[in-house]
Amino acid sequence: ELLEKGSEVDAQDGEGRTALTVALAFGQEAAARALLEAGAGVNAGTGQRPFHAAAEKGMVEMVRVLVGEGAEVDAEDGVGRTALTVALAFGQEGAARALLEAGAGVNAGTGQRPLHTAVEKEMVEVLSVIVEKGAEVDEEDGEGRTALTLALAGGGEAGEWVVA
Numbered sequence: 001e002l003l004e005k006g007s008e009v010d011a012q013d014g015e016g017r018t019a020l021t022v023a024l025a026f027g028q029e030a031a032a033r034a035l036l037e038a039g040a041g042v043n044a045g046t047g048q049r050p051f052h053a054a055a056e057k058g059m060v061e062m063v064r065v066l067v068g069e070g071a072e073v074d075a076e077d078g079v080g081r082t083a084l085t086v087a088l089a090f091g092q093e094g095a096a097r098a099l100l101e102a103g104a105g106v107n108a109g110t111g112q113r114p115l116h117t118a119v120e121k122e123m124v125e126v127l128s129v130i131v132e133k134g135a136e137v138d139e140e141d142g143e144g145r146t147a148l149t150l151a152l153a154g155g156g157e158a159g160e161w162v163v164a
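Position one of the sequence shown corresponds to residue 1 (UniProt numbering), numbered consecutively onward.
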């Protein structure tokens with residue numbers, strides 16, 4: 001109804017989020033689809049992007065829809081994370097796999113990298129895919145830690161996987 005009255009579909013709130021991003025952040029797939037039909041920009045916003053919100057919520061189908069609508073797969077949020085890193089940080093394996101299938105860069109982003117996040121979250125199956133796709137395994141995060149350092153410090157399944 002607001003769109004019919006002339007509201008700007010890509011208007012941003014005080015945090016740089018569009019209505020599409022907010023709809024996805026709250027898991028409102030029907031609202032997100034309606035906003036897309038109304039012309040909402042899949043790459044709009046200066047804060048959290050629609051792609052990141054869908055990844056965080058594990059909305060696999062919406063991740064695929066956004067890719068189909070031209071979402072920038074390796075776009076960064078306000079802290080340098082890609083949607084792949086966000087999906088991993090929130091334990092959303094399905095969304096992470098969908099992003100990898102869509103060509104998400106395993107070395108993309110200026111914040112924490114996907115490999116480090118997968119190790120910290122003990123996502124061993126996704127970790128294998130990330131390494132197979134060419135993740136820089138010796139790269140250090142912002143605190144000077146490699147994936148191996150994180151894996152060994154965690155002492156879990158990821159540590160066993162990295163050592164093997």
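Glycine included, each C-beta is placed from N, C-alpha and C at the ideal position. As the structure is a prediction and not an experimental result, all values here were calculated from the model.
Can you name the start and end residues of the alpha helix (DSSP H) that threonine 85 belongs to? 83 to 89
By alpha-carbon positions, which one of Ala31, Glu29, Arg49 ends up nearest to threonine 21? Arg49
Excluding the 5 residues flanking glycine 91 on each side, which residues of the same chain have their C-beta closer than 7 Å to its C-beta? Lys121
Could you round the C-beta distance between glycine 78 and glycine 103 to whole angstroms and report it? I think they count as a contact, below 8 Å. Not confirmed; about 23 Å, so no contact.
Per DSSP, what are the beta-bridge partners of threonine 18 in this structure? Gln12
If we call anything under 7 Å between Cβ atoms a contact, is arginine 81 one with glycine 109? yes
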